[in-house]
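Asks:
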Amino acid sequence: MTAPVRVPVPADLSDRLAIPEPLVRLEGVAKTYTARRGAGAVTALEDINLAVPRGRVLGVIGRSGAGKSTLIRLVNGLERPSRGRVIVGGAEISALSEPALRQERRGIGMIFQHFNLLSARTAAGNVALPLEVAGYERSAIRARVAELLDLVGLTPQADRYPAELSGGQKQRVGIARALATNPKVLLSDEATSALDPETTRSILDLLGRINRELGLTILLITHEMAVIRAIAHGVAVLDGGRIAESGDVFEVFTRPQAAITRTFLDEETGRTLPPALAARLTPGLAPGEGRQAVLRITFRGPHATDPVLAQLARDAGIPAGILSGTVDEIAGRPFGTLVVGIASDPGTVERAKDFLAARGLDVEVLGTLDLAGWQRTAAPRATDLTHVA
Amino acid sequence: MSPELLRLLVQATLDTLRMVAVAASLGTLIGLPLGVFLATSGRGELLAAPWLNRVLGLVVNATRSTPFIILVVAIIPFTRLIAGTSIGTSAATVPLTVAATPFIARLVEGAVREVDGGLVEAARAFGASPLQIVLKVLIPEALPGIVLGLTLAVVSLIGFSAMVGAVGGGGLGDLGIRYGYQRFMPEMMLAVVVVLIVLVQLVQTLGDRLARRMNKRLRHG
Ligand SMILES: Nc1ncnc2c1ncn2[C@@H]1O[C@H](COP(=O)(O)OP(=O)(O)O)[C@@H](O)[C@H]1O
Ligand SMILES: [Mg+2]
Numbered sequence: 001m002t003a004p005v006r007v008p009v010p011a012d013l014s015d016r017l018a019i020p021e022p023l024v025r026l027e028g029v030a031k032t033y034t035a036r037r038g039a040g041a042v043t044a045l046e047d048i049n050l051a052v053p054r055g056r057v058l059g060v061i062g063r064s065g066a067g068k069s070t071l072i073r074l075v076n077g078l079e080r081p082s083r084g085r086v087i088v089g090g091a092e093i094s095a096l097s098e099p100a101l102r103q104e105r106r107g108i109g110m111i112f113q114h115f116n117l118l119s120a121r122t123a124a125g126n127v128a129l130p131l132e133v134a135g136y137e138r139s140a141i142r143a144r145v146a147e148l149l150d151l152v153g154l155t156p157q158a159d160r161y162p163a164e165l166s167g168g169q170k171q172r173v174g175i176a177r178a179l180a181t182n183p184k185v186l187l188s189d190e191a192t193s194a195l196d197p198e199t200t201r202s203i204l205d206l207l208g209r210i211n212r213e214l215g216l217t218i219l220l221i222t223h224e225m226a227v228i229r230a231i232a233h234g235v236a237v238l239d240g241g242r243i244a245e246s247g248d249v250f251e252v253f254t255r256p257q258a259a260i261t262r263t264f265l266d267e268e269t270g271r272t273l274p275p276a277l278a279a280r281l282t283p284g285l286a287p288g289e290g291r292q293a294v295l296r297i298t299f300r301g302p303h304a305t306d307p308v309l310a311q312l313a314r315d316a317g318i319p320a321g322i323l324s325g326t327v328d329e330i331a332g333r334p335f336g337t338l339v340v341g342i343a344s345d346p347g348t349v350e351r352a353k354d355f356l357a358a359r360g361l362d363v364e365v366l367g368t369l370d371l372a373g374w375q376r377t378a379a380p381r382a383t384d385l386t387h388v389a
Numbered sequence: 001m002s003p004e005l006l007r008l009l010v011q012a013t014l015d016t017l018r019m020v021a022v023a024a025s026l027g028t029l030i031g032l033p034l035g036v037f038l039a040t041s042g043r044g045e046l047l048a049a050p051w052l053n054r055v056l057g058l059v060v061n062a063t064r065s066t067p068f069i070i071l072v073v074a075i076i077p078f079t080r081l082i083a084g085t086s087i088g089t090s091a092a093t094v095p096l097t098v099a100a101t102p103f104i105a106r107l108v109e110g111a112v113r114e115v116d117g118g119l120v121e122a123a124r125a126f127g128a129s130p131l132q133i134v135l136k137v138l139i140p141e142a143l144p145g146i147v148l149g150l151t152l153a154v155v156s157l158i159g160f161s162a163m164v165g166a167v168g169g170g171g172l173g174d175l176g177i178r179y180g181y182q183r184f185m186p187e188m189m190l191a192v193v194v195v196l197i198v199l200v201q202l203v204q205t206l207g208d209r210l211a212r213r214m215n216k217r218l219r220h221g
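Heads up: the sequence lines are chains A and B, in that order. The first sequence maps to residues 1 to 389 in the UniProt record's numbering. The second sequence maps to residues 1 to 221 in the UniProt record's numbering.
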């Protein structure tokens, strides 16, 4: 495996730590789409090793074209790997015949970005379809459909056609349909990407509830960090068909190793500087008059609410101005970032780094900020903010 | 118009309706599965059979590109074999069916291809077999389009059925040519044209209404 392997997470997360045996495994998987007229062969995935532990939610994040859909379609055999093995439960999906595969797929639910509901069937009719296909009795179908619609909170909409439902309601029908045959795994291909933030939230809540209450294992793919943060236990970052890094969500998000992960984080967690500041920030610029060293301090878990800037000013005698900051929650654990400016001479920078590191904080020097020409016009001078500390 | 001529007009209308009904029914019986097969048997598709797909596609195209009047004459031996004669209403039904079948097949193929591929993907994902996908997903979802296609086919058949009149096929076209043209009775020609217009109008309205009722993609008030 080329992806960095991570150390186990801290002890207060014993429940995240006790990793059960994997329900879904991809071993050395590669997928190349063969050349067609006018197009060369496309290698969509390469050297993929991935395990989804039973009862967990694993998120795979990647940009468009990274191979996410290909990866998830390998799990239920909609695609076959060019190399490697795909195993779900006891079955080697990648080696099954098409009829055997159909049987296995009843144990693997799937939901889609565009819902893929039959327009000619009502909500109830859509949920009934997998049961009809599996040959259930009519009465059993009716009872099961009622149960599923209740689970997703759509009992009043049972007789509506998809065209008469909102996006969120359609996805609830999709979820009910995916759960109809009592699958052990749920695959989610960008299930919230077509929804507004509020609806996304409610669908993710529903998926989280299904995971907890039914113990359903979920493999979800997305291009949004927020989705992973909301419900995933583990994350794999997919970049150009390879896994750039993977591990516990909190670990990966608070100590990203791969550049691609950082770019996702920068977009999502507000770790980027305001544009006006970013334009004046130069890595490696020499210290000098009117210049500040910019540090990024990352607070993890128990330290997220410590008054470190006050301590830095009082105990180390280094005043710091806040340039940007957020306190957030990742996988249920507090996590904050603070970007501060301090005097730019190397001595002060070193002392500040040591002081903060000694308190269990991650510190990174982003560069030197040249405030000349900016401080008198726009927002308050960074140095004026030191009284905050 | 004399009662005698009126009786002829009614008889011709009934003949036309019978020819169209038989040709449309048989054409649908063969054209519907053929169209579904054409839509699903290409390379990498649900019922992938690329060679058969090609061959059937060629046959369909050949029939479709032969002008109807040529087709009628070209298949006279076949018509005799089936109907025992090459003249009259029953005989005319044979070329009408032969022309309708590939036409309907192409229309059905188009309607089935319109169905969102995501639905097939979803059905595969929950374990449906290709046959189940065809019967429970593709045909029900394509139904409004299929109904519109069949409506178009019936309208075209009404026109074709008038054409077989020119070669002794019976029905409204036959009446129009023998009385309206050869005996120069403009009122009969007019009556034939009016009946044809009314028939087409009726079929189109009915088909549109049925398709609209079936189409659940639109919100109903
Ligand atoms: N059926 C296919 N045939 C050829 N190339 C494909 C096919 N499906 C996906 N690809 C290619 O594989 C790569 C990964 O696609 P995909 O898995 O859909 O990425 P994502 O879901 O992350 O956007 C892309 O370059 C895409 O063009
Ligand atoms: Mg995708």
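Here a beta-carbon is modelled for each residue, glycine too, at the ideal position from N, C-alpha and C.
So, Ile48 of chain A versus Leu187 of chain A, is the Cβ gap smaller than 9 Å?
Replies: no
Asks: Run down chain B in chain order and give the residues with a C-beta less than 8 Å from the C-beta of Leu118 of chain A.
Replies: Leu119, Val137, Pro140 and Glu141
Asks: Using the Cα positions of residue 222 of chain B and Arg177 of chain A, report the straight-line distance between them to the nearest angstrom.
Replies: This structure does not reach residue 222 of chain B, given that chain B is present from 1 up to 221, and the question cannot be answered.
Asks: Given 8 Å as the limit, tell me if Val42 of chain A has its C-beta closer than that to any heavy atom belonging to ligand 1.
Replies: At a threshold of 8 Å, Val42 of chain A counts as near ligand 1, since its beta carbon sits closer than that to one of the ligand's heavy atoms.
Asks: Please confirm if Asn215 of chain B has its CB atom under 9 Å from at least one CB of chain A.
Replies: yes
Asks: Do Arg359 of chain A and Asp306 of chain A have their C-beta atoms closer together than 9 Å?
Replies: Going by C-beta atoms, Arg359 of chain A is nearer than 9 Å to Asp306 of chain A.
Asks: How about Ile209 of chain B: is its C-beta nearer than 9 Å to some C-beta of chain A?
Replies: Sequence inspection shows Arg at residue 209 of chain B; the Ile mentioned does not correspond to that position. Not an interface residue.
Asks: I need the DSSP call for Met214 of chain B, collapsed to helix, strand or coil.
Replies: helix
Asks: Could you please give the first and the last residue of the uninterrupted beta strand (DSSP E) stretch that includes Ala236 of chain A?
Replies: Gly234 to Asp239
Asks: Would you call the stretch 154 to 173 of chain B in contact with the stretch 18 to 32 of chain B, where contact means no fewer than 3 C-beta pairs closer than 8 Å?
Replies: Contact between the stretch 154 to 173 of chain B and the stretch 18 to 32 of chain B is present: three or more C-beta pairs spanning the two stretches fall below 8 Å.
Asks: When you compare each of A:Asn126, A:Ile111 and A:Phe112 to Leu118 of chain A by their alpha carbons, which one comes out closest?
Replies: A:Asn126
Asks: Starting from the beta carbon of Gln132 of chain B, find every residue of chain A whose beta carbon is closer than 7 Å, and list them in chain order.
Replies: Val133
Asks: Answer yes or no: do Arg144 of chain A and Leu131 of chain A have a C-beta to C-beta separation smaller than 9 Å?
Replies: yes
Asks: Would a check of beta-carbon distances place Gly247 of chain A closer than 9 Å to chain B?
Replies: no
Asks: Can you find a CB in chain A that lies within less than 9 Å of the CB of Ala21 of chain B?
Replies: no
Asks: Going by C-alpha to C-alpha distance, which of B:Val147, B:Ala128, B:Val134 and B:Thr66 sits closest to Ile104 of chain B?
Replies: B:Val147
Asks: Run down chain B in chain order and give the residues with a C-beta less than 9 Å from the C-beta of Leu78 of chain A.
Replies: Glu121, Arg124 and Ala125
Asks: Quick check on Asn182 of chain A: does DSSP put it in helix, strand or coil?
Replies: coil
Asks: Within 8 Å: the Cβ of Gly31 of chain A and any heavy atom of ligand 2?
Replies: According to the sequence displayed, residue 31 of chain A carries Lys and not Gly. Outside the cutoff, so no.
Asks: Hey, Gly176 of chain B and Met189 of chain B are a contact pair by Cβ (cut 8 Å); roughly how many whole angstroms apart?
Replies: The C-beta distance from Gly176 of chain B to Met189 of chain B rounds to 6 Å, short enough to fall under 8 Å.
Asks: In the stretch 90 to 106 of chain A, which residues sit with their C-beta less than 9 Å from some C-beta in chain B, listed in chain order?
Replies: Glu98, Pro99, Leu101, Arg102, Gln103, Glu104, Arg105 and Arg106
Asks: Within the present structure, is the beta-carbon of Ile221 of chain A separated from the nearest heavy atom of ligand 2 by less than 8 Å?
Replies: yes
Asks: Check whether the Cβ atoms of Ile221 of chain A and Gly59 of chain A sit closer than 9 Å, and answer yes or no.
Replies: yes
Asks: With a 10 Å radius around its C-beta and 16 neighbouring C-beta atoms as the bar for buried, classify Asn61 of chain B as buried or exposed.
Replies: exposed
Asks: Does the Cβ-Cβ distance between Arg217 of chain B and Pro144 of chain B come in under 9 Å?
Replies: Arg217 of chain B places its beta carbon less than 9 Å from that of Pro144 of chain B.
Asks: Identify which residue in A:Pro81, A:Glu21 and A:Gly321 has its Cα closest to the Cα of Thr34 of chain A.
Replies: For Thr34 of chain A, the nearest C-alpha among the options comes from A:Pro81.
Asks: Within a Cβ cutoff of 6 Å, which residues of the same chain sit near Ala51 of chain A, ignoring the five residues on either side of it in sequence?
Replies: Pro22 and Arg25
Asks: Return no unless some Cβ of chain A is closer than 9 Å to the Cβ of Ser156 of chain B.
Replies: no
Asks: For Asp174 of chain B, does the three-state DSSP call read helix, strand or coil?
Replies: The answer is helix: DSSP assigns Asp174 of chain B an H, G or I state.
Asks: On the premise that Thr199 of chain A lies in contact with Pro287 of chain A, defined as a C-beta separation below 8 Å, what is that separation, rounded to the nearest angstrom?
Replies: Wrong, their Cβ atoms sit about 49 Å apart, outside the cutoff.
Asks: Would the beta-carbon of Pro188 of chain A be found less than 8 Å away from any heavy atom of ligand 2?
Replies: Going by the sequence as given, residue 188 of chain A is Ser instead of Pro. Checking every heavy atom of ligand 2 against the Cβ of Ser188 of chain A, none is found closer than 8 Å.
Asks: Using the DSSP secondary-structure output, state which residues sit across from Ser188 of chain A in a beta bridge.
Replies: DSSP, once it has assigned bridges, lists A:Ile111 and A:Leu220 as partnering Ser188 of chain A.
Asks: Looking only at its own chain, which residues have a Cβ that is under 7 Å from the Cβ of Leu277 of chain A, when we skip the five neighbours before and after it?
Replies: When the five nearest sequence neighbours on each side are left out, the beta carbons in the same chain lying within less than 7 Å of the beta carbon of Leu277 of chain A are those of Leu323 and Leu369, in order along the chain.
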